[in-house]
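Undergrad: Numbering (the working numbering), first residue to last: 4 to 189. Before I ask anything, let me first share the structure, which is written out below as structure tokens.
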């Protein structure tokens with residue numbers, strides 16, 4: 004049986020969790036991992052360092068971000084030993100655009116007889132903003148209070164990656180069709 008590591012990425016509040024869970028419902032016994040699940044551990048890092056909780060800060064970028072990705076990807080690879088469909092829901096904005104990272108990931112997946120499936124959730128910026136307001140999460144406080152600066156620093160464009168699957172989650176009915184197309188290839 005072929006194994007897949009599916010990475011679902013997009014900027015925050017574009018609908019990764021919705022899209023990921025809809026995909027997971029259609030797969031046979033998937034392992035579903037959401038990077039947001041480890042946020043409580045990250046909050047402890049802020050507390051231990053006596054730093055304000057800001058997931059867009061220099062502190063986050065230097066000490067927290069990469070550790071979160073490393074931890075969730077380690078769990079994903081452990082899961083591939085026992086399951087054929089492993090999904091990771093995280094922004095992956097930097098990683099999807101890093102050819103070296105993707106190449107190393109694909110090489111590592113060969114040892115698991117697994118393939119990489121990259122999914123990008125597209126969402127219009129205005130829709131993303133509204134969703135962020137509605138979800139009212141403390142991880143978005145800085146983003147909402149500094150929306151223009153946040154948008155300037157965020158890459159909402161689709162990564163130019165061969166074979167990436169685009170799911171349009173801007174509010175149209177195409178999201179379900181896009182998910183069905185993806186499921187057919189797995």
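Cβ atoms here follow ideal geometry from the backbone N, Cα and C, with glycine treated the same way. Just so it is clear, the structure is predicted and the values come from calculations on it, not from any experiment.
With DSSP collapsed to three states, give me the class of residue 117.
TA: Three-state DSSP puts residue 117 in a strand.
Undergrad: Does DSSP classify residue 91 as helix, strand or coil?
TA: Three-state result, residue 91: strand.
Undergrad: Give the list of continuous alpha helix (DSSP H) stretches no shorter than 4 residues that lie fully inside the segment 106-157.
TA: You should have 128-138, 144-148, 150-156.
Undergrad: Using the C-alpha atoms, what's the distance from residue 99 back to residue 33?
TA: C-alpha separation (whole angstroms): 22 angstroms.
Undergrad: Could you tell me the distance, in whole angstroms, from the CA atom of residue 116 to the CA atom of residue 105?
TA: Straight-line Cα distance between these residues: approximately 16 angstroms.
Undergrad: Using a Cβ-Cβ cutoff of less than 8 angstroms, which residues in the same chain neighbour residue 62 once the five nearest sequence positions on both sides are dropped?
TA: Taken in chain order, the residues that qualify are 49, 52, 54.
Undergrad: Is it a yes or a no for the segment 41-48 touching the segment 148-168, going by three-plus beta-carbon pairs under 8 angstroms?
TA: Taking 8 angstroms as the limit for Cβ pairs, the verdict is that the segment 148-168 does not touch the segment 41-48.
Undergrad: Could you tell me which residues DSSP pairs with residue 171 in its beta bridges?
TA: The partner list for residue 171 (beta bridge, DSSP) reads 125.
Undergrad: With a threshold of 16 other CB atoms inside 10 Å of the CB of residue 187, please say whether the residue is buried or exposed.
TA: Exposed is the call here.
Undergrad: Based on Cα-Cα distance, which residue from 166, 154, 174 lies nearest to residue 125?
TA: Here the closest residue by C-alpha is 174.
Undergrad: Tell me which same chain residues have a C-beta within less than 8 angstroms of the C-beta of residue 36, skipping the five on either side of it?
TA: If we look at residue 36 and ignore the five residues flanking it on each side, its Cβ neighbours are 75, 78, 79, 82, 89, 90, 91, 92.
Undergrad: Could you tell me whether the segment 122-142 touches the segment 12-26, where touching means 3 or more Cβ pairs closer than 8 angstroms?
TA: Short answer: they touch.
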